[in-house]
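K.L.:
Per the working numbering, the very first residue in the sequence shown carries number 487; after that it's consecutive.
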Amino acid sequence: SCPSCLGSRLNPLARNVRILEHSIASLCDLPIAAVSAFLDRIELDPKSAKVLEEVLKQLKSRLSFLQEVGLHYLSLDRRAPTLSNGEAQRIRLARQLGSSLTGVLYVLDEPTVGLHPHDNQKLNNALQKLKALGNTLLLVEHDPLTVATADYILDFGPGAGEHGGHLTAQGTLKQIARNPNSLTGAYISHRKTIPTPTKLRTPKGSFPIVNANKHNLKNLTLDIPLGLFTCLTGVSGSGKSTLMHEVIRPEAQQVLPKGDPFDKLIVIDQNPIGHTVRSDVGTYCEVLPVVRSFFASLALSKTKGLEPKHFSYNHRRGMCTHCYGLGYKKVEMFFMPAVKVTCDECRGLRLNPVSLEIRYQGKNFGQLLDMTVTEARELFAVLPKAKRIFDTLISVGLGYLKLGQEMASLSGGEAQRMKLSRELSRRTTGKTLYLLDEPTTGLHPEDINTLLKVLQRLVDKGNTMIVIEHNTDVIKNADHIIDLGPEAGAKGGELICQGTPAEIAAHPSSYTGKYLR
487 SCPSCLGSRL
497 NPLARNVRIL
507 EHSIASLCDL
517 PIAAVSAFLD
527 RIELDPKSAK
537 VLEEVLKQLK
547 SRLSFLQEVG
557 LHYLSLDRRA
567 PTLSNGEAQR
577 IRLARQLGSS
587 LTGVLYVLDE
597 PTVGLHPHDN
607 QKLNNALQKL
617 KALGNTLLLV
627 EHDPLTVATA
637 DYILDFGPGA
647 GEHGGHLTAQ
657 GTLKQIARNP
667 NSLTGAYISH
677 RKTIPTPTKL
687 RTPKGSFPIV
697 NANKHNLKNL
707 TLDIPLGLFT
717 CLTGVSGSGK
727 STLMHEVIRP
737 EAQQVLPKGD
747 PFDKLIVIDQ
757 NPIGHTVRSD
767 VGTYCEVLPV
777 VRSFFASLAL
787 SKTKGLEPKH
797 FSYNHRRGMC
807 THCYGLGYKK
817 VEMFFMPAVK
827 VTCDECRGLR
837 LNPVSLEIRY
847 QGKNFGQLLD
857 MTVTEARELF
867 AVLPKAKRIF
877 DTLISVGLGY
887 LKLGQEMASL
897 SGGEAQRMKL
907 SRELSRRTTG
917 KTLYLLDEPT
927 TGLHPEDINT
937 LLKVLQRLVD
947 KGNTMIVIEH
957 NTDVIKNADH
967 IIDLGPEAGA
977 KGGELICQGT
987 PAEIAAHPSS
997 YTGKYLR
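Quick look at the structure:
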């Protein structure tokens, strides 16, 4: 922070003006709910009230809208780049609540991302207010509580990628629940459910956390059980991310050199991977180098003196010289976005003619890039390492991705599962600590079911898994739950309870427990 303004970005004159006990800097540092409470305490004389009446009315109204969409825990000086996609979207939604517009079509992409079920009701009430004004709302959503409030549902499938894109069902909630073609309906009607373990694991020891007081944490002291699947729960802003990323993570990094209790730390979040057009699925999951070596070992490749680099579209020996290995050329359009046109020379296959002459079972390397993971797995079943990587991708529900697909095109949920699959395909010693931040974001219940099987498999190998999660199906699958709260921001950061899902469900003051019953 700047030593002069202490991070407030204001000059001394602005910092020294106070209303009651607060300057504008200290007020903006408070959670939105606290600012709203402060404004309610202000008492004005008749003259000041006349001048400031409209200002206070607007302030209270806008703060109220932010609280309605579940953002009561944010501070007003929170930097925009630090907001999650869900938080940024809900801020835009709060602005619309205050606009009183009518006849507008609002399109929202998973507005409940990052919200605890306790906060979902507030958001759903806000959405109903927008609808009541005469607006139309179109939501992409997986949250069952939000889906249940919809007047009409469009269900797409039946699978993902090239196996999807069909309208499998449409209608009211009851009609979807009864439709035999709807996978969503099967979960709504409970014809399909995500199973919960019949037996919980026994911890192999514990990793102590003592007097954690970062941000809003209130001197937390607790033991992280080793060899278990642990969920960090609590309302949005209760301190879960702080506990995971600013307490557990650095503490674990300190013990890694000793190799006890952890010899490896894997952090899997939803930050985008592959910022360039040359980063693709096959390269990221480390399967293309295996396949390049295989192509280079074929008889015709040896005759022509080709090496693995001749099958790389990022190497001058392998790339098409006309499109530089991209498979397309960009055509700039005046006043419109650039258009991608398939390269005439390589026909989108990205390699030079010599490299494309080499074929395996009728397929050249360029055609391989257009294959899905599932298709490639069948073609290269003879390569044990490649087969293991393909099997891992399929096990996390990514069999529909194409090997040449740009990483930048993946959703947050897909990116997180890609990171997870890469770690799964590597060998572990059973002493790895996995930290996952809301891995079910953007996932349908069917995908959550698939992901849970993979996570449980990792824990079965003796590893320790700590997951921040709001999805009740995932929480019910945990061996151990650490529930923070009771509220968000300054009113959070306390250990409400910890224990098995059944113990949390029985706790009278746990918001999480309420939704586990």
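We put the beta carbon where it would ideally sit given N, CA and C, even for glycine. Computed from a predicted structure; not experimentally measured.
When the Cβ atoms of the stretch 897 to 910 are set against those of the stretch 768 to 781, are three or more pairs found closer than 8 Å?
P.N.:
yes
K.L.:
Name the two residues that bound the continuous beta strand (DSSP E) containing Ile968.
P.N.:
Taking the sequence shown and counting its residues from 1, one reaches residue 968 at position 482. Where Ile968 is concerned, the enclosing beta strand (DSSP E) stretches over His966 to Gly971.
K.L.:
Alpha carbon to alpha carbon, how far is Leu659 from Leu669?
P.N.:
In the sequence shown, the residue the question calls residue 659 occupies position 173. In the sequence shown, the residue the question calls residue 669 occupies position 183. In a straight line, the C-alpha of Leu659 is about 13 Å away from that of Leu669.
K.L.:
Does the Cβ of Ala862 have 16 or more other Cβ atoms within 10 Å, making it buried, or fewer, making it exposed?
P.N.:
If you number the sequence shown from 1, residue 862 lands on position 376. Around the beta carbon of Ala862, 16 or more other beta carbons lie within 10 angstroms, which makes this residue buried.
K.L.:
Measuring alpha carbon to alpha carbon, tell me which of Ile961, Ile680, Ala500 and Glu973 ends up nearest Glu989.
P.N.:
Within the sequence shown, numbered from 1, the residue matching residue 989 stands at position 503. Ranking the options by Cα distance to Glu989, first place goes to Ile961.
K.L.:
Considering Cα atoms alone, identify which of Leu506, Pro972, His652 and Ser561 is closest to Pro994.
P.N.:
As a first step, residue 994 is located in the sequence shown; it is residue number 508 there, counting from the start. Considering only alpha carbons, the answer is Pro972.
K.L.:
Name the two residues that bound the continuous beta strand (DSSP E) containing Val827.
P.N.:
Counting from 1 along the sequence shown, the entry for residue 827 is found at position 341. Val827 -> beta strand (DSSP E) spans Met822 to Thr828.
K.L.:
Check for me: the alpha helix (DSSP H) holding Tyr673 runs from which residue to which?
P.N.:
Taking the sequence shown and counting its residues from 1, the one referred to as residue 673 is at position 187. Run containing Tyr673: Leu669 to Ile674, per the alpha helix (DSSP H) assignment.
K.L.:
In or out: Tyr886 buried (at least 16 other Cβ within 10 Å) or exposed?
P.N.:
As a working mapping, residue 886 is identified with position 400 in the sequence shown. Answer is buried; the Cβ neighbour count reaches 16.
K.L.:
Figure out for me which residue from Lys816, Glu831 and Met819 has the closest Cα to the Cα of Thr807.
P.N.:
As a first step, residue 807 must be located in the sequence shown, where it is residue number 321. When each option's Cα is compared against that of Thr807, the closest is Glu831.
K.L.:
Could you say which of Leu496, Val521 and Leu525 lies nearest to Ala511 if we only look at CA atoms?
P.N.:
Within the sequence shown, residue 511 is the residue found at index 25, counting from 1. The residue with the shortest Cα to Cα distance from Ala511 is Leu496.
K.L.:
Residues in the same chain with beta-carbon distance under 8 Å from Leu742, minus the five sequence neighbours each way, listed in chain order, please.
P.N.:
For the purposes of this step, residue 742 is taken as the residue at position 256 of the sequence shown. Excluding positions up to five away in sequence, the list reads Phe748, Asp749, Lys750 and Leu751.
K.L.:
Buried or exposed: which applies to Ala867, given that a residue is buried once 16 or more other Cβ atoms fall within 10 Å of its Cβ?
P.N.:
Counted from its first residue, the sequence shown places residue 867 at position 381. That one is exposed.
K.L.:
Suppose only complete runs of 4+ residues qualify. What are the alpha helix (DSSP H) ranges in the stretch 640 to 706, listed by chain order?
P.N.:
659 to 664 and 669 to 674
K.L.:
Just to check my reading of the structure: Phe715 and Asp965 have Cβ atoms closer than 8 Å, yes? What is that Cβ distance to the nearest angstrom?
P.N.:
What you label residue 715 is simply residue 229 of the sequence shown in a count that begins at 1. What you label residue 965 is simply residue 479 of the sequence shown in a count that begins at 1. That pair is a contact at about 5 Å.
K.L.:
Take every Cβ of the stretch 695 to 703, pair it with every Cβ of the stretch 667 to 682, and state whether three or more of those distances are shorter than 8 Å.
P.N.:
no
K.L.:
Let me know the secondary structure DSSP gives Cys983 once reduced to three states.
P.N.:
Here residue 983 is taken as the residue at index 497 of the sequence shown, counted from 1. Here Cys983 sits in strand by DSSP.
K.L.:
Do Leu884 and Arg903 come within 9 Å of each other at the CB atom, strictly closer than that value?
P.N.:
For this step, residue 903 is matched to residue 417 along the sequence shown. For this step, residue 884 is matched to residue 398 along the sequence shown. Yes, they are a contact pair.
K.L.:
Leaving aside the five residues before and after Thr978 along the sequence, list all residues of the same chain whose C-beta is less than 8 Å from its C-beta, in chain order.
P.N.:
Mapped onto the sequence shown, residue 978 falls at position 492. It is worth fixing the name first, because residue 978 is Gly in this sequence and not Thr. Excluding positions up to five away in sequence, the list reads Tyr559, Asn702, Gly720, Val721, Gly723, Ser724, Gly725, Leu970, Gly971 and Pro972.
K.L.:
Could you say which of Val633, Ile967 and Thr918 lies nearest to Leu944 if we only look at CA atoms?
P.N.:
Locating residue 944 in the sequence shown gives position 458, counting from the first residue. The option with the nearest alpha carbon to Leu944 is Thr918.
K.L.:
Between the stretch 559 to 568 and the stretch 621 to 641, are three or more C-beta pairs nearer than 8 Å?
P.N.:
no
K.L.:
Quick one: grab the DSSP three-state call for Cys717.
P.N.:
Position 231 of the sequence shown, counted from the first residue, corresponds to residue 717. Here Cys717 sits in strand by DSSP.
K.L.:
If you reduce the DSSP assignment to three classes, tell me which class Ile952 lands in.
P.N.:
On the sequence shown, residue 952 is found 466 positions in, with the first residue counted as 1. If DSSP states are grouped into helix, strand and coil, Ile952 belongs with the strands.
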